Amino acid sequence: MDHNMMIEKVLTNSDLSKAGCLYLSKHLTENMEKNMGYTIPRNGAQVEILDNDKSYWVNLNKHTSGGYRITCGWNKIRDARGLKTGDIIHLYWKSTKFIFSMCPSSEAEQACQKGENSSSNLSMGEQ
Numbered sequence: 080m081d082h083n084m085m086i087e088k089v090l091t092n093s094d095l096s097k098a099g100c101l102y103l104s105k106h107l108t109e110n111m112e113k114n115m116g117y118t119i120p121r122n123g124a125q126v127e128i129l130d131n132d133k134s135y136w137v138n139l140n141k142h143t144s145g146g147y148r149i150t151c152g153w154n155k156i157r158d159a160r161g162l163k164t165g166d167i168i169h170l171y172w173k174s175t176k177f178i179f180s181m182c183p184s185s186e187a188e189q190a191c192q193k194g195e196n197s198s199s200n201l202s203m204g205e206q
């Protein structure tokens, strides 16, 4: 697995607030953009998150702070998964889609590192 194509995120209170945004590292997101040869447009890009048998459409865009965030639908995933502060998630770009995985609790971190986690697909869509 190419670690230049992965964003690892430990969820914070801000990620889980009622605002419904998942904040991503500017450095990691821009590094991934560079490696995948795709620039996220200023107004964002539609991203589909396939989570087992469910599909969610969210917007991946730049925040005014210069960082990136996933909005418009993140709260549905957050609530469906029962995510909590400290949970670890991964976004991995592979071919033409993102692979989304998460470890819902700190004790699951070892299983996540071994690949024994809940994986889902994310694919870029047209805006």
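Residue numbers (the numbering used here): 80 to 206.
C-beta atoms are modelled at their ideal positions from N, C-alpha and C, and glycine is treated no differently.
All values derive from a computational prediction rather than experimental measurement.
Can you find the residues in the same chain that come closer than 7 Å, C-beta to C-beta, to glycine 123, ignoring five residues on each side of it along the sequence?
By 1-based counting over the sequence shown, the position of residue 123 is 44. Closer than 7 Å at the Cβ level, and outside the excluded window around glycine 123, lie Asn138, Leu139, Asn140 and Gln206.
Apart from the five residues on each side of it in sequence, which residues of its chain come closer than 6 Å, Cβ to Cβ, to asparagine 154?
Your numbering for residue 154 matches position 75 in the sequence shown. Here the set comprises Gly99.
Apart from the five residues on each side of it in sequence, which residues of its chain come closer than 7 Å, Cβ to Cβ, to arginine 157?
In the sequence shown, the residue the question calls residue 157 occupies position 78. Taken in chain order, the residues that qualify are Leu95.
Excluding the five sequence neighbours on either side, which residues of its own chain have a C-beta within less than 7 Å of the C-beta of threonine 164, listed in chain order?
Within the sequence shown, the letter at position 85 stands for residue 164. Contacts found: Leu90, Thr91, Asn92 and Leu95.
Answer yes or no: do isoleucine 167 and glutamate 87 have a C-beta to C-beta separation smaller than 8 Å?
The residue given as residue 167 occupies position 88 in the sequence shown. The residue given as residue 87 occupies position 8 in the sequence shown. In this structure, glutamate 87 lies closer than 8 Å to isoleucine 167 by Cβ.
With respect to the beta strand (DSSP E) encompassing threonine 150, which residues constitute its N-terminal and C-terminal limits?
For the purposes of this step, residue 150 is identified with residue 71 of the sequence shown, where counting begins at 1. Looking at the DSSP string, the run of the beta strand (DSSP E) that includes threonine 150 is 147-150.
So for alanine 124, helix, strand or coil by DSSP?
As a working mapping, residue 124 is identified with position 45 in the sequence shown. Strand, per DSSP.
Would a C-beta distance cut-off of 8 Å place tyrosine 171 and methionine 115 closer than the cut-off?
Position 92 of the sequence shown, counted from the first residue, corresponds to residue 171. Position 36 of the sequence shown, counted from the first residue, corresponds to residue 115. Against a cut-off of 8 Å, the Cβ pair of methionine 115 and tyrosine 171 comes out as no contact.
Helix or strand or just coil, what does DSSP make of aspartate 103?
Stepping through the sequence shown from its first residue, residue 103 is reached at position 24. Note on residue identity: the sequence assigns leucine, not aspartate, to residue 103. If DSSP states are grouped into helix, strand and coil, leucine 103 belongs with the strands.
Give me, in chain order, the residues of the same chain whose beta-carbon lies closer than 6 Å to that of isoleucine 149; leave out the 5 immediate sequence neighbours on both sides.
Mapped onto the sequence shown, residue 149 falls at position 70. Correct list, in chain order: Leu101, Val137 and Leu139.
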